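Structure first, commentary second.
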Amino acid sequence: MAPQRERVSTDGHDVALHYRIGGGPSKVAPVVNVGPGGVAARLGERVEPGTEVSLRLVLGEGKVISGHGRVVWSSSDESTGGLSFMGLDEYSRRLLQLWLSDLAQGNVREP
């Protein structure tokens, strides 16, 4: 297994998590930070840890990562939750890796 890199703050960048639980409606949440293994976002609701979700992570600049995730934690005030990525295809993993590297080096610009 590849070593996990530190999560990167998305402050100042327009990054959104689109997620769906089961057959429910799609919801959008602003992202707090993201790393190669998952994402923390302001969900605005408590989602039970262990819940599986369909997700799209919109990184800006037309970059979209799609896959599935699992909720691993949810804050007691229901404002923030963390999801681990599951089942990202090779393209999405590579795109995320490159975007994280660019973001950490300050090479990601807003449109």
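To convert a position in the sequence shown, counted from 1, into this note's numbering, add 37. No residue lacks a Cβ here, since even glycine has one placed at the ideal position from N, Cα and C. All values derive from a computational prediction rather than experimental measurement.
Check, Outcome
"Leu137 - DSSP class collapsed to helix/strand/coil", "helix"
"Same chain, Cβ closer than 6 Å to Val90, five either side skipped, listed in chain order", "Tyr56, Ile58 and Gly106"
"Nonlocal neighbours in the same chain, by C-beta distance under 6 Å from Leu133, ignoring five residues either side", "Ile102"
"C-beta atoms of Ala66 and Val95 nearer than 7 Å", "no"
"Test item: CB-CB of Pro86 and Val108 under 7 Å", "yes"
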